[in-house]
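Chains as they are written, first to last, in our numbering: chain C, 1 to 263; chain V, 1 to 245.
Yeah, the Cβ is synthetic: ideal placement off N, Cα and C, and Gly gets one too.
From a predicted model like this one, the values you see are computed outputs, not experimental measurements.
Just below is one structure, and these are the notes that go with it.
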Amino acid sequence: MLDDFLVRATLGGIGVAIAAAPLGCFVVWRRMAYFGDATSHAAILGIALALALNISVFTGALVIALVMALTVITLSDRGFAMDTLLGVTAHSALAVGLVAVSFLSGVRLDLMAYLFGDILAVGKSDLAVIWLGAALVLLLMVWRWSALLTATLNHGLASASGINPKREQVILTVSLAVVVAVAIKVVGVLLIVAMLIIPSAAARPLARNPESMAVIAGVIGALSAVLGLRASYLYDTPAGPSIVCVAAGLFLVSNILGRFRVA
Amino acid sequence: MTLVNIDAMTVQMGGTTALRNVDFSISKGEIVTVVGPNGSGKSTLMRAIIGAIAPNKGRITRSEGLRIGYVPQSLHIDPTLPITVRRFLSLPNRKPREEIETAMARVGADNLLDKQMFTLSGGQFQRTLLARALLEKPDLLILDEPTTGLDQPGSAAFYRLIEDIRTELGTAVLMVSHELHVVMSASDRVICLNGHVCCHGAPDVVASAPEYRALFGSGTQGALALYRHDHDHVHDHAEDHAHAG
Chain C
1 MLDDFLVRAT
11 LGGIGVAIAA
21 APLGCFVVWR
31 RMAYFGDATS
41 HAAILGIALA
51 LALNISVFTG
61 ALVIALVMAL
71 TVITLSDRGF
81 AMDTLLGVTA
91 HSALAVGLVA
101 VSFLSGVRLD
111 LMAYLFGDIL
121 AVGKSDLAVI
131 WLGAALVLLL
141 MVWRWSALLT
151 ATLNHGLASA
161 SGINPKREQV
171 ILTVSLAVVV
181 AVAIKVVGVL
191 LIVAMLIIPS
201 AAARPLARNP
211 ESMAVIAGVI
221 GALSAVLGLR
231 ASYLYDTPAG
241 PSIVCVAAGL
251 FLVSNILGRF
261 RVA
Chain V
1 MTLVNIDAMT
11 VQMGGTTALR
21 NVDFSISKGE
31 IVTVVGPNGS
41 GKSTLMRAII
51 GAIAPNKGRI
61 TRSEGLRIGY
71 VPQSLHIDPT
81 LPITVRRFLS
91 LPNRKPREEI
101 ETAMARVGAD
111 NLLDKQMFTL
121 SGGQFQRTLL
131 ARALLEKPDL
141 LILDEPTTGL
151 DQPGSAAFYR
161 LIEDIRTELG
171 TAVLMVSHEL
181 HVVMSASDRV
191 ICLNGHVCCH
201 GAPDVVASAP
211 EYRALFGSGT
221 QGALALYRHD
231 HDHVHDHAED
241 HAHAG
């Protein structure tokens, strides 16, 4: 079954969607979308370095995404304005990455595959990496759920309950870097944040509690992956954008349904 | 029994000294209020006591197994985060259903349990936060300007509730307040803060201290403090001070 590339791609897409769901909720609640952009755009630089150093693309992307995220957190603690800081770092990282890739003349590199994902490229080992990464992120989310949620509501409330908000922030950051690294093959670096945010935003009108929002986001994300990859195969469209288009459609539907329920 | 004792604490925040050489203690069942102008380190003091920031110098001693219930100054819940009051009260640890219902009934808000947090009004929100703090079964209740955004009857009702809870449960209460008239009537002790402890003691003693007058001796709140003070006793010197300011 795993010999069929479409099955592998679909399983990969579902893995990413499931890991992205709870994390995506925190990205929405904490308004970290731009932060996610900075982290994922930096991954292109990681890919270039990985190809130059002849190490795995996953490792390169993970390390650089992590370095980027931790740098941004450290700088914002020192009083830099967050949106400006992210605007500078997100786009610089992408630009530097693209320039770095252009230096790799000896390597035949399909840049589009990294920017938008590549349905054909998900091999068995990729699948293993995706599911291991997804499982790791899910475990972290489940383990730290209450603490993360309390720290998201209010730092003072968290501290008074013996939770260190800084530590929770680091856990989110590490999870984000892992999701970015495993999602590159499926959706590409430009649209990873869409996979985090759109399913969560689509789940919002249907949820009454944080837990149900995360679960519904997972279902919507997985559905988007399945339908998007199917469409990508049938119409020969790029994988990542196709998945995101389906997710955006589901977002519209759920928000219209939500309106009716309120009215 | 002393719950929290602070000895010569200095806290630096972003290169500036927020608190300098502060001594402080609070005992079982006491209501202590911290007053001071904006930027005087009131919130910093609260955050040091709950353990959110570590002192640069000096030490904080908390009694063994101290349970703190904390009501933060402001808590904005983003509308993108769906959470019912019931679920909110179980964060970070699950609480039994009956305890949640009792706590909400205690603060007079048991009709809110299934409402979404972001739909609550200011007063409903503060009551919910207080209920959450009570669910911790606190020895010490810390409230950082709990009536910000409430109108006068609303905040008067809220402070009465706090006093009732103290009487009923014997919980020590530490609060930051701008409402000096409330401070004067509801506190056992007042600490006047301005980067350091300006003066402290029983409300009427603090009200008549020159340091306090120097900080609050003008404007409406000063007038309220003065009004209250006139009924207690007469300090010619202090009053001259206030009029001059």
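In summary, the residues of the segment 126-144 of chain V whose CB is separated from some CB of chain C by less than 9 Å are L129, R132, A133, E136, I142, D144, in the order they occur in the chain. Under the three-state reduction of DSSP output, V:A8 falls in the strand class.
The beta carbon of V:D204 sits no closer than 8 Å to any beta carbon of chain C.
Assigned with DSSP and collapsed to three states, C:G13 falls in helix. Comparing alpha-carbon positions, the option among C:M195, C:R261, C:A207, C:F260 lying closest to C:G249 turns out to be C:M195. DSSP lists V:I191 as the beta-bridge partner residues of V:H200. Taking all protein chains shown into account, C:D4 has fewer than 16 neighbouring C-beta atoms within 10 Å of its C-beta and is therefore exposed.
Counting C-beta pairs with one atom in each stretch, the segment 58-67 of chain C and the segment 201-209 of chain C have fewer than three that are closer than 8 Å, which means they do not touch. For the pair C:A151 and C:P165, the CB atoms are nearer than the 8 Å cut-off.
Taking one beta carbon from each stretch, the segment 212-227 of chain C and the segment 6-16 of chain V have fewer than 3 pairs nearer than 8 Å; the two do not touch. Taking the CA atoms as reference points, V:E136 sits about 50 Å from C:A239. A residue is called buried when at least 16 other Cβ atoms come within 10 angstroms of its Cβ; C:M112 does not meet this threshold and is exposed. Sorting V:F216, V:I142, V:E30, V:A103 by C-alpha distance to the C-alpha of V:L134 places V:A103 at the top. Within the segment 161-174 of chain C, contact with chain V at the beta-carbon level (separation under 7 Å) is assigned to S161, I163.
Within the segment 41-85 of chain V, the complete alpha helix (DSSP H) segments of 4 residues or longer fall at 42-50, listed in chain order.
The segment 137-162 of chain C is shown to contain whole alpha helix (DSSP H) runs of 4 or more residues at 155-160, in chain order. Put simply, the backbone Cα of V:S155 is about 33 Å away from that of V:T16.
Not a single CB atom of chain V sits nearer than 8 Å to the CB of C:L85. Taking all protein chains shown into account, V:K28 has fewer than 16 neighbouring C-beta atoms within 10 Å of its C-beta and is therefore exposed. Excluding five sequence positions before and after V:K95, the CB atoms of its chain that fall closer than 7 Å to its own CB belong to L89, L135, given in chain order. Taking 8 Å as the threshold, the shortest C-beta distance from C:W131 to chain V does not fall below it. Using a Cβ-Cβ cut-off of 7 Å, V:G14 is close to G79 of chain C, given in chain order. For C:T150, the chain V residues whose Cβ falls inside 7 Å of its Cβ are L91, P92, in order along the chain. Contact between C:V16 and C:A247 is ruled out by a C-beta separation of about 12 Å, above the 8 Å threshold. Counted as a single uninterrupted DSSP element, the alpha helix (DSSP H) harbouring C:T71 occupies residues 57-77. Every alpha helix (DSSP H) of 4 residues or more that sits fully in the segment 76-133 of chain V is shown, in chain order, as 85-89, 97-106.
Residue environment: C:T173 is assigned as buried (16 or more neighbouring CB atoms within 10 Å of its CB, all protein chains considered).
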